[in-house]
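Protein chains: 4
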Amino acid sequence: MSEYRFTRRVQFYETDVAGIVHFSWFYRYMEEAEHALWREAGLSIHPHDSEIGWPRVSASFDFHRALRFEDEFDVWLRIAEMTSRRIRYACLLEQDHTRIASGAMTIACVRKRPDRKLEAIDIPAEIAARFEVHRT
Amino acid sequence: MSEYRFTRRVQFYETDVAGIVHFSWFYRYMEEAEHALWREAGLSIHPHDSEIGWPRVSASFDFHRALRFEDEFDVWLRIAEMTSRRIRYACLLEQDHTRIASGAMTIACVRKRPDRKLEAIDIPAEIAARFEVHRT
Amino acid sequence: MSEYRFTRRVQFYETDVAGIVHFSWFYRYMEEAEHALWREAGLSIHPHDSEIGWPRVSASFDFHRALRFEDEFDVWLRIAEMTSRRIRYACLLEQDHTRIASGAMTIACVRKRPDRKLEAIDIPAEIAARFEVHRT
Amino acid sequence: MSEYRFTRRVQFYETDVAGIVHFSWFYRYMEEAEHALWREAGLSIHPHDSEIGWPRVSASFDFHRALRFEDEFDVWLRIAEMTSRRIRYACLLEQDHTRIASGAMTIACVRKRPDRKLEAIDIPAEIAARFEVHRT
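Protein sequences, first through last, are from chains A, B, C and D.
Under this note's numbering, residue 136 is the last one in the first sequence; the count climbs by one each step, no gaps.
Under this note's numbering, residue 1136 is the last one in the second sequence; the count climbs by one each step, no gaps.
Under this note's numbering, residue 2136 is the last one in the third sequence; the count climbs by one each step, no gaps.
Under this note's numbering, residue 3136 is the last one in the fourth sequence; the count climbs by one each step, no gaps.
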């Protein structure tokens, strides 16, 4: 798996008093695509009682156009880079083939220690084997 | 402890395209007051690694007036009833002494079992001792 | 139209540190079903520049079981009562035919006045004609 | 005005099943600081019936450490750059002088046209006069 696409509709509670989707929601849309990509790969990013986790290292969006209540839009997430410990995604939101927003997100593989600190570890081989960098 | 009051300002991300606070936020305002009440009582409602939890049994609001971006309002939470296993709160939101919304919420004490099922248990004595029903 | 059903998956950002869906989300699930019901009836509950609105008068949930990350569940919304000025919905959330939560919500038809006050009005005939009370 | 600092506590509904604040909330924390900065400058970023608006052009965060339920943390927002049409903020979240996250956000001044399109305009002089770039 190297990419995932889905279509989604803007919910009322995602809008704000300016009449458009609040920008914090775009990061959630990107994450929805990420988790769906993992399910497509036969994985859950957060299995119950797992010792490893995937905290976000960075996340960014450039916003080109607004989305409004009940708009339908497409989310396209692809794997832009994989290292031994991190995955970087690129994300594009479009509406009728018009660019709405372009995002990026990097996640790291960590082990949860008993003191609740997170220790960076290599991505387990059985997970790394399910993903590959998207060739454009 | 039998009650808690605080003042809060409406954040931009709590509003919706109708120009008012989305109704789902009122339940979060009520919960903010609950957790502050517990802190005032020297407790956390969710200590790290606790075996007991406090799921919501029911929650309701009657909405009288709208709140808008940057409005300041008061939240008043009080304990309306305590049984061996449950606490019922009543909540009033006001703005300049005008009633905005009236809520209620009941929580139950549960033990988290290894199979992730939740088992109703008596409220531990050291917690019950910190709270009492509010006399109006 | 008198009812609407849909299936939905729990998103990561809907969960909380207790490991379950935060209760405030159930009200949003209920609203998602409401707006989908209106779309099925050929309407939008919030058309651009409309002079009328549908504030929530009351909303409540009884919570029976928890939902967790990536759980799939069913939302069933039905119109329980219609008066000249209000609509009352009943809502049931189920997972594998097990009851998760039971909700209710009442909305009122209002006209937005220039002073931003909301004035209760009769539901326009062309809207009322699209809906009917659900016969169980 | 060139900067704003405030202290905030993590709310329960801001956490997720991984036990930490969901990353989407950091963008809201940054926005809370922005709107408080504007209030300190005697302005509202969204006055009722204003013809101008301030959509986000881009927003990013690097995440260094996790925040957990009831943690107190500091948000420091400063104006990093101002042009005739845009403001760029830098944001630092700290807990006990430990860096939690570093963010940036650029906003643009727009006029809302009757067709709902947003037209980039110069920042009104009376607004620009209230702010200045922060000297580190």
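Virtual Cβ for every residue (Gly too), placed ideally from N, Cα, C.
List, in order along the chain, the chain C residues whose C-beta lies closer than 7 Å to that of residue i?
i, result
"D:Thr3098", "In chain order: nothing, as chain C lies at least about 21 Å away."
"A:Tyr13", "Arg2028 and Glu2031"
Residues of chain B with a CB under 8 Å from the CB of residue i: which are they?
i, result
"C:Arg1964", "Not covered by the structure: residue 1964 of chain C. The range shown for chain C is 2001 to 2136."
"C:Leu2118", "Ala1066"
Whose C-alpha, out of the options, is nearest the C-alpha of residue i?
i, options, result
"D:Arg3111", "D:Ser3102, D:Ala3104, D:Ile3121 and D:Gly3103", "D:Ile3121"
"D:Thr3015", "A:Pro55, A:Arg99, A:Phe12 and A:Ala101", "A:Pro55"
"C:Ile2052", "C:Val2017, C:Arg2085 and C:Asp2071", "C:Arg2085"
"C:Glu2040", "A:Glu126, A:Glu70 and A:Lys117", "A:Glu70"
"D:Trp3025", "D:Arg3068, D:Glu3126 and D:Leu3037", "D:Arg3068"
"A:Pro124", "A:Met30, A:Ser50 and A:Ala36", "A:Ser50"
"D:Thr3083", "D:Met3030, D:Phe3061 and D:Ala3129", "D:Ala3129"
Can you list the residues of chain B that residue i reaches, using a CB-CB cut of under 7 Å?
i, result
"C:Tyr2027", "Phe1023, Ser1024 and Tyr1027"
Kindly give me the distance between the Cβ atoms of residue i and residue j, rounded to whole angstroms, as I take these residues to be in contact under 8 Å.
i, j, result
"B:Arg1008", "B:Phe1073", "6 Å"
"B:Ala1108", "B:Ala1090", "Not confirmed; about 17 Å, so no contact."
"C:Glu2032", "A:Gln11", "6 Å"
"D:Thr3106", "D:Val3057", "4 Å"
"A:His22", "B:Tyr1013", "5 Å"
"D:Ala3018", "A:His46", "6 Å"
"A:Leu37", "A:Ile127", "Not a contact, Cβ separation roughly 12 Å."
Which same chain residues, not among the five before or five after residue i, have their C-beta less than 8 Å away from its C-beta?
i, result
"D:Ser3002", "Arg3078, Ile3079, Phe3131, Glu3132, Val3133, His3134 and Arg3135"
"D:Gln3095", "Arg3065, Leu3067, Asp3071, Glu3072, Phe3073 and Asp3074"
Could you name the residues of the same chain whose beta carbon sits closer than 6 Å to that of residue i, not counting the 5 residues immediately before and after it, in chain order?
i, result
"D:Leu3093", "Phe3073, Val3075, Ile3100 and Ala3101"
"A:Pro27", "First, the residue type needs correcting, since residue 27 of chain A is Tyr and not Pro in the sequence shown. Here the set comprises Ala59."
"C:Arg2088", "Ala2080, Glu2081 and Thr2106"
"D:Tyr3029", "Val3075"
Just the chain D side, please: which residues come within less than 8 Å of residue i by C-beta, in chain order?
i, result
"A:Val17", "His3046"
Name the chain A residues whose beta carbon is nearer than 8 Å to that of residue i?
i, result
"C:His2035", "Gln11, Phe12 and Glu70"
Considering only residues of the same chain and omitting the five flanking positions on each side of residue i, which have a CB-CB separation below 7 Å?
i, result
"A:Glu119", "Val110, Arg111 and Arg113"
"A:Ile20", "Ala66, Leu67 and Arg68"
"D:Asp3062", "Ala3101 and Ser3102"
"D:Asp3115", "none"
"A:Lys117", "none"
Taking 8 Å as the threshold (beta carbon to beta carbon), is residue i in contact with chain E?
i, result
"D:Ile3052", "Absent here is chain E; the protein component of the structure consists of chains A, B, C and D."
>> Against chain A, which members of the segment 3048-3074 of chain D pass a CB distance test of less than 7 Å?
In response: Gly3053, Pro3055, Arg3056, Val3057, Ser3058, Ala3059, Ser3060, Phe3061, Asp3062, Phe3063 and Ala3066
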